[in-house]
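Structure first, commentary second.
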Amino acid sequence: MRKIIIINSILIVLTFIVAFYGKSVLNSYISLTFPTIFLKVSYSYLWWTLPTLLVLGVLYGFKNIPANLGLNKGLIIGFLFSIITVSPMIVSSAIIGKIGDNLDFGNLLHTTFIAGFFEEYFFRGFLFGILFRKLKWGFIPASILGGVIFGLGHIYQGSTLIETTGIFAITTIGAIWFSWLYVEWEKNLWIPIFLHTLMNLSWILFEVSDNALGGVYTNLFRAITIALTIIITILYHKKRGLNINRKNLIINNNR
Numbered sequence: 108m109r110k111i112i113i114i115n116s117i118l119i120v121l122t123f124i125v126a127f128y129g130k131s132v133l134n135s136y137i138s139l140t141f142p143t144i145f146l147k148v149s150y151s152y153l154w155w156t157l158p159t160l161l162v163l164g165v166l167y168g169f170k171n172i173p174a175n176l177g178l179n180k181g182l183i184i185g186f187l188f189s190i191i192t193v194s195p196m197i198v199s200s201a202i203i204g205k206i207g208d209n210l211d212f213g214n215l216l217h218t219t220f221i222a223g224f225f226e227e228y229f230f231r232g233f234l235f236g237i238l239f240r241k242l243k244w245g246f247i248p249a250s251i252l253g254g255v256i257f258g259l260g261h262i263y264q265g266s267t268l269i270e271t272t273g274i275f276a277i278t279t280i281g282a283i284w285f286s287w288l289y290v291e292w293e294k295n296l297w298i299p300i301f302l303h304t305l306m307n308l309s310w311i312l313f314e315v316s317d318n319a320l321g322g323v324y325t326n327l328f329r330a331i332t333i334a335l336t337i338i339i340t341i342l343y344h345k346k347r348g349l350n351i352n353r354k355n356l357i358i359n360n361n362r
């Protein structure tokens, strides 16, 4: 059993690395051009989905993929929870920001829902989710691994060392927070998907910041949103206790 867990863990991590970096490696040898932004975006996300879906199907059965990712339930709960908790960010952004003059719906859709869905599928559903749910990784190692890689994936937004460090720290912590919510809401991936989507929407639609770091007011209302998600989640589990506990911090013995 232990040998299988180690082998499958290596397979999951290697698959993630290939899916994450494969396109960049290929692009260094072959220059591909696409006639539309839709095809370009689709090609990028195919690198994330095809290898991971294939490995998930082979290891745990193709019909079980939605359940193993956390996509088989809780869509309405995820949406309502996110609307309630992200509303301070949306309202504040509408007040202090403004809708851009050159707003493009296709680009807005890509940077909000499409990016939110695929990033949560890839980082929370596949990497963190499978390591934590199926392979006995504790919450701390599984969430930190995904969080650090997620943070590194956003450092391109920084223009100075301080700004880049801040972006890395915020996105890494944000990834761990998304992982915590994912587990506490019964492995419902729609929770982080809609949170990610609506938080992106509040920043991009009203042009309140050029990167994930943000300013004083945007971070104030982001903190309020985070606090709301934590408070509501704790109240939701008040009677039976939280899913993340000492039994699954380092090694997940609650599978």
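The numbering used here puts the sequence shown at residues 108 to 362.
Each residue gets a CB set at the ideal place from its N, CA and C atoms; glycine is no exception.
No experiment lies behind these values; they were computed from the predicted model shown.
On the CB-based measure, 16 or more other CB atoms within 10 Å of its CB, does residue i come out buried or exposed?
| i | result |
| --- | --- |
| A249 | buried |
| A174 | exposed |
| M108 | exposed |
| R231 | buried |
| I357 | exposed |
| T159 | buried |
| P142 | exposed |
| K294 | buried |
| T332 | buried |
| N359 | buried |
| N355 | buried |
| V132 | exposed |
| S189 | buried |
| R240 | buried |
Contact defined as beta carbons within less than 8 Å: I believe residue i pairs with residue j. What is the distance between those atoms, to the nearest angstrom?
| i | j | result |
| --- | --- | --- |
| E314 | G207 | 5 Å |
| I274 | I262 | 6 Å |
| G254 | I283 | 5 Å |
| L166 | N115 | 6 Å |
Taking the Cβ atom as the reference point for each residue, do residue i and residue j lie within a distance shorter than 8 Å?
| i | j | result |
| --- | --- | --- |
| W287 | I351 | yes |
| T278 | F257 | yes |
| I119 | L242 | yes |
| F172 | G164 | It should be pointed out that residue 172 corresponds to Ile in this sequence rather than to Phe. Against a cut-off of 8 Å, the Cβ pair of G164 and I172 comes out as a contact. |
| Y324 | S151 | no |
| A126 | W155 | yes |
| I203 | S309 | no |
| L215 | L335 | no |
| F186 | W297 | yes |
| E227 | I280 | no |
| I111 | G213 | no |
| T122 | V162 | yes |
| F285 | P195 | no |
Uninterrupted alpha helix (DSSP H) stretches inside the segment 217-290 (no shorter than 4 residues): 222-226, 236-240 and 246-259
Alpha helix (DSSP H) runs wholly inside the segment 181-217, at least 4 long, in chain order: 182-203 and 212-216
Meets three-Cβ-pair contact criterion under 8 Å: the segment 221-238 and the segment 164-178: yes
Does the segment 298-310 come into contact with the segment 216-235, if we say contact requires no fewer than three beta-carbon pairs (one atom in each stretch) closer than 8 Å? They touch, by the three-pair rule.
Let me know the alpha helix (DSSP H) ranges lying completely inside the segment 287-311, each 4 residues or longer, listed in chain order. 297-311
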